[in-house]
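Chemist: Numbering-wise (UniProt numbering), the sequence shown opens with residue 1 and increments by one.
The C-beta atom is built at its ideal place from N, Cα and C for all residues, glycine as well.
A single structure is presented below for examination.
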Amino acid sequence: MSKQSLPVVNLQAVACCAPLAVRPMDAEQAAVVAPMFKALGDPVRLRLMSMIASVPEMCVCDLTPAFDLSGPTISHHLKVLREAGLVDSERRGTWVWYHVRPEAFRQLGALLDLPATTAAADA
């Protein structure tokens, strides 16, 4: 994997959080989780994430042509996803390959989980 000096999201801080519908987050937990949701809040990054998540790994050379944006702009969006802890990357020759960090998505999914009683009341 790439050894770039990007900030690393502490996924343990996310893992400790109860689902949002069970108990409010404290300020520290919210500060850890917010960059992940913020990264996914941009339409380009959400599409990039969807493309990367749909396969085991994807080359930036396959991502860039799917957008009407410059290569540096796509690289910036991918950097945001990496810094948020949602994807990892690996340089192979001149290309960078991306793959999803499944543990990050499992933990975000757990935060959004509704208890059975709440989900049944909404049905």
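Could you tell me whether the Cβ atoms of Val-80 and Ala-30 are closer together than 8 Å?
Modeler: For Val-80 and Ala-30, no; Cβs fall outside 8 Å.
Chemist: Considering just the uninterrupted stretch of the alpha helix (DSSP H) at Asp-113, what are its terminal residues?
Modeler: Careful: Asp-113 lies outside any alpha helix (DSSP H) and carries neither H nor E.
Chemist: Go ahead and label Leu-112 buried or exposed: buried means 16 or more other beta carbons lie within 10 angstroms of its beta carbon, across all protein chains shown.
Modeler: By the 10 Å Cβ count, Leu-112 comes out exposed.
Chemist: Helix, strand or coil: which one does DSSP assign to Val-80?
Modeler: Correct three-state label for Val-80: helix.
Chemist: Can you give me the C-alpha to C-alpha distance between Ser-54 and Ala-18, rounded to a whole angstrom?
Modeler: The alpha-carbon atoms of Ser-54 and Ala-18 are separated by roughly 28 Å.
Chemist: Only counting the same chain, and skipping five residues up and downstream in sequence, which positions put a Cβ closer than 7 Å to that of Cys-59?
Modeler: If we look at Cys-59 and ignore the five residues flanking it on each side, its Cβ neighbours are Trp-95, Trp-97.
Chemist: With C-beta atoms as the reference, is His-77 less than 8 Å away from Leu-114?
Modeler: Result no, Cβ atoms of His-77 and Leu-114 do not sit closer than 8 Å.
Chemist: Met-58 by DSSP, collapsed to three states: which one?
Modeler: Correct three-state label for Met-58: strand.
Chemist: With a threshold of 8 Å on Cβ separation, who are the neighbours of Leu-63 within its own chain once the five nearest residues in sequence on each side are excluded?
Modeler: Excluding residues within five positions, the ones whose Cβ falls inside 8 Å are Leu-48, Met-51, Ile-52, Ile-74, Leu-78, Tyr-98.
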